[in-house]
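J.: One structure, pasted below without further comment.
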Amino acid sequence: MHYVCFHYEFEHQGDPDVECSAGGCPSSGIRLPAKIVRTDGVDLVQAGNTVVPAILALEANGYAVSQEDNQFVARAGNVRLAAEDPVAVPGLVKLAETRRPWRASNSETDDVMSRFHL
């Protein structure tokens with residue numbers, strides 16, 4: 053079977069239900085369990101024992117992590133994410149992956165501010 057990898061615009065031979073190593077391919081990542089399955093049963097609270105795992109997780113996902121003045125900085129390609137707390141940096145990664153553009157609109161800000169004490 054042939055199918056087109058829309059991100060890279062070239063044709064693969066094979067089964068689309070089989071993992072493809074080309075990033076962005078429709079079948080890349082199919083072996084990864086759903087987000088709910090990957091986090092099922094996890095009860096995690098930010099504390100001192102999450103600092104090292106946060107840095108290791110960033111490095112495992114291809115980020116070069118450095119400490120610059122009072123910030124921890126994760127870089128990959130032209131991406132730069134920084135926070136004073138290294139545990140916050142993976143949150144910035146997820147924010148950048150999930151929201152493009154990442155900034156909240158005025159109505160989104162108003163909605164969230166009405167629901168939370170921020």
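For the sequence shown, the residue numbers in our numbering are 53 to 170.
Where is the CB? At the ideal position from N, CA and C, for every residue including glycine.
For the alpha helix (DSSP H) holding Arg132, just list the boundary residues, first then last.
T.: Looking at the DSSP string, Arg132 is not in any alpha helix (DSSP H); the run it does join, the beta strand (DSSP E), is Val131 to Ala135.
J.: Grab me the residues of Val139's own chain with a C-beta within less than 7 Å of its C-beta, minus the 5 sequence neighbours each way, in chain order.
T.: Closer than 7 Å at Cβ, skipping near neighbours: Gln98, Thr102, Val103 and Ala106.
J.: Looking only at its chain, what residues have a beta carbon closer than 7 Å to the beta carbon of Trp154, apart from the 5 residues adjacent to it on each side?
T.: These residues qualify, in order along the chain: Leu147 and Ala148.
J.: In whole angstroms, what is the alpha-carbon distance linking Ser166 and Ser159?
T.: If I take the Cα positions, the gap works out to 11 Å.
J.: One question on the structure: do Ala135 and Ala116 come within less than 9 Å of each other, judged by their Cβ atoms?
T.: No, they are not a contact pair.
J.: What does the Cβ neighbour count give for Leu108, buried or exposed, with the cut at 16 atoms within 10 Å?
T.: So Leu108 counts as exposed.
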